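In full-length UniProt numbering, the protein residues as written are 1 to 651.
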């Protein structure tokens, strides 16, 4: 049985008379992998600060195991030190360094005693025993490998030997944040609490961090908007709301499915009770005044009074809702880039870059930080000239641009005038209605753009794009300032968009959801992958495998090894293909089951209505519909079970 490291019991936090959250209870055990999720502003970071002792609970308590060591990474908090990069990492191992110095001292004493002709055997033996004991401890604590461990982790965060002597004070904010996380990993605390750890990390670093954290010896508590990251790491999810915290077993995707199912069942129970209440109230209203039925009506009224009424289900809180429309169709060819080179001041970062983007496609641009992804978009839009090459838009292409720095907004305007000035002939109520769909309502529209949060500015820029009806949308990191709910709304809007999209993003979940192709940018130019992010990863692994096999030289076993590797890869790909197919079928069945369950509920609801209850022919018709719906539901559930078992066997 795993030991409990920490328990939060009925914690609450108030700001004056305003409630932030209450009734929060959660448990962290050894090797827990917990994701804490919830809407922006619900208090996730505040709860983390309460757990580490930076803030106190207004109600409830937090109980910790004795001598529990906690490592904490705050949002966008970098490492501050006057040391060089490498020397700062060495401070984690001060005890080991002291032990190492002690060992060297003993080694000298042993050598000196060995050279002495008149050796005191007892003292010599005691010295050897002391040395063996210290050396054993040194070995156990990875004394002979800690410098290699430092180099490995620094390499994972893209710090190389040339960086080791740099002063930390001279580094950028993003570099300091990465170093803070690197140092925490080296410290190996019992519990590691990470608040948005994926900020400032490119895709290759994120993949490295995921692999490292999966084998981390301690427990993890993570707040992150990176859903792909949470899918890879989390095995438990706690969702924080204002009035409670809900526990879900599994990763982020499991949480989404389970939450949807819980809400569906809650609504089913709630609506069933509401129908029963309406039926009883109607009977009371019609029969209370009649002498012959008043007793039955009074009985129904008592039944209503005693009924424990279900609360309206939560989870359908107001969120943004929008779609992108187009004024006119573009031609089939939307964008052509031929043999282009990108960079600054005639210094080439990447070449050659080639793009052939056709109508209705959604292309994601990926690559390491600093390789010029944003520069490529700006060059396409003629904001920065290509150093070499040619770029051309197709017929009737109308471009809308979302820049990650949100500079396409006038900081001095109000929210309302930012949109209305672009559409002066549109009535104010229509502008307000559109802004309302992006969560700008009431006095929110009077806010000055300069005073908006990053998330609000992002929503305002999306509002502008949605109003302009472009047929070609270009996005630079569109999910950076959005909470998870807003990301999902944007995903659905792009999936249903009737135009074409080109976007840069490091949000792998987002790429996987919307992209029909992935364009990788590197120093040697561009490479196109005709699939989503998972397909891109699979193809990169395949390329790496083939490259490794080609690099094997001079061995008689190479043909056999190559053949074996190819067979293993082929088998692996077949299994992956089967797994993806099963997952698609299961998802489709789940959607079908949900629709059939809703249909069944609607039929049962109709059957309970007084006007149908007394109509024999209508009742028979509904009974036949119910039987057919129930039969289809049973078949779908049975097939879902078979596919789910097949998926487990495939693993």
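Cβ atoms here follow ideal geometry from the backbone N, Cα and C, with glycine treated the same way.
Computed from a predicted model, the values in this text were never measured in an experiment.
{"Item": "Spatial neighbours of residue 11 within its chain, please: C-beta separation below 6 Å, excluding the five flanking residues on both sides.", "Value": "24, 57, 60"}
{"Item": "Looking at C-alpha atoms only, which residue of 22, 13, 31 is the closest neighbour of residue 5?", "Value": "31"}
{"Item": "Determine the direct distance from the alpha carbon of residue 144 to that of residue 138, and round the result to whole angstroms.", "Value": "8 Å"}
{"Item": "Exposed or buried, which one is residue 132 when buried takes at least 16 other CB atoms within 10 Å?", "Value": "exposed"}
{"Item": "Could you name the residues that DSSP lists as bridge partners for residue 607?", "Value": "DSSP output for residue 607 lists no bridge partner at all."}
{"Item": "Could I get the ranges of all uninterrupted beta strand (DSSP E) runs contained in the segment 26-59, with 3 residues as the minimum, in chain order?", "Value": "33-37"}
{"Item": "Please return the same chain residues whose Cβ sits closer than 8 Å to the Cβ of residue 309, not counting the five positions on each side in sequence.", "Value": "273, 277"}
{"Item": "Please name the residue in 589, 592, 623 whose C-alpha comes closest to that of residue 603.", "Value": "623"}
{"Item": "Any contact between the segment 515-525 and the segment 363-370? By contact I mean 3 or more CB pairs, one from each, below 8 Å.", "Value": "yes"}
{"Item": "Apart from the five residues just before and just after residue 629, which ones in its own chain have a Cβ nearer than 8 Å to its Cβ?", "Value": "596, 599, 600, 603"}
{"Item": "Which residues mark the beginning and the end of the alpha helix (DSSP H) in which residue 358 is found?", "Value": "That residue, residue 358, is in no alpha helix (DSSP H); its beta strand (DSSP E) goes 347-358."}
{"Item": "Does the segment 95-102 come close enough to the segment 34-50 to have 3 or more Cβ pairs within less than 8 Å?", "Value": "no"}
{"Item": "For residue 248, name the three-state secondary structure that DSSP assigns.", "Value": "strand"}
{"Item": "Please name the residue or residues paired with residue 363 in a DSSP beta bridge.", "Value": "502, 517"}
{"Item": "Starting from residue 301, trace the alpha helix (DSSP H) both ways and give me its first and last residue.", "Value": "294-306"}
{"Item": "State the DSSP-derived secondary structure class of residue 110, mapped to helix, strand or coil.", "Value": "helix"}
{"Item": "Go ahead and pull the three-state DSSP assignment for residue 265.", "Value": "helix"}
{"Item": "Evaluate the contact criterion for the segment 226-238 versus the segment 250-261: three or more CB pairs, one atom per stretch, below 8 Å.", "Value": "yes"}
{"Item": "Run the CB neighbour count on residue 371, radius 10 Å, all protein chains shown included, and call it buried at 16 or more, exposed below.", "Value": "buried"}
{"Item": "On a CA-only basis, which of 483, 422, 485, 442 is nearest residue 465? Give me that one, please.", "Value": "422"}
{"Item": "With DSSP run on the structure shown, which of helix, strand or coil describes residue 183?", "Value": "helix"}
{"Item": "Take every Cβ of the segment 154-166, pair it with every Cβ of the segment 38-46, and state whether three or more of those distances are shorter than 8 Å.", "Value": "no"}
{"Item": "If you run the structure through DSSP and keep just helix, strand and coil, what is residue 164?", "Value": "coil"}
{"Item": "Secondary structure at residue 233, three-state DSSP: helix, strand or coil?", "Value": "helix"}
{"Item": "Quick one: what does DSSP say residue 653 is sitting in, helix, strand or coil?", "Value": "A question about residue 653 goes unanswered here, because the residues of the chain that appear run from 1 up to 651."}
{"Item": "Please state the DSSP three-state secondary structure of residue 454.", "Value": "helix"}
{"Item": "Tell me whether the segment 380-396 and the segment 414-429 touch, counting them as touching only if at least three CB pairs, one residue from each stretch, are closer than 8 Å.", "Value": "no"}
{"Item": "Classify residue 286: buried if its beta carbon has 16 or more other beta carbons within 10 angstroms, exposed otherwise.", "Value": "exposed"}
{"Item": "Apply the 10 Å Cβ neighbour rule to residue 173 and answer buried if 16 or more other Cβ atoms are within range, or exposed otherwise.", "Value": "exposed"}
{"Item": "Along the alpha helix (DSSP H) that carries residue 81, what are the first and last residues, could you check?", "Value": "Unbroken run through residue 81: none, as it is neither H nor E."}
{"Item": "Measure the C-alpha to C-alpha separation of residue 660 and residue 403 and round it to an integer number of angstroms.", "Value": "Only positions 1 to 651 of the chain appear in the structure, and residue 660 is not among them; the question remains open."}
{"Item": "Nearest by alpha-carbon distance to residue 19: which of 265, 64, 215, 244 is it?", "Value": "244"}
{"Item": "Which residue comes first and which comes last in the alpha helix (DSSP H) that contains residue 155?", "Value": "146-156"}
{"Item": "Compare the beta carbon distance of residue 445 and residue 411 with 7 Å and say whether it is the shorter of the two.", "Value": "no"}
{"Item": "Using only the alpha-carbon positions, how far apart do residue 65 and residue 187 sit?", "Value": "19 Å"}
{"Item": "For the alpha helix (DSSP H) containing residue 138, list its first residue and its last residue.", "Value": "121-140"}
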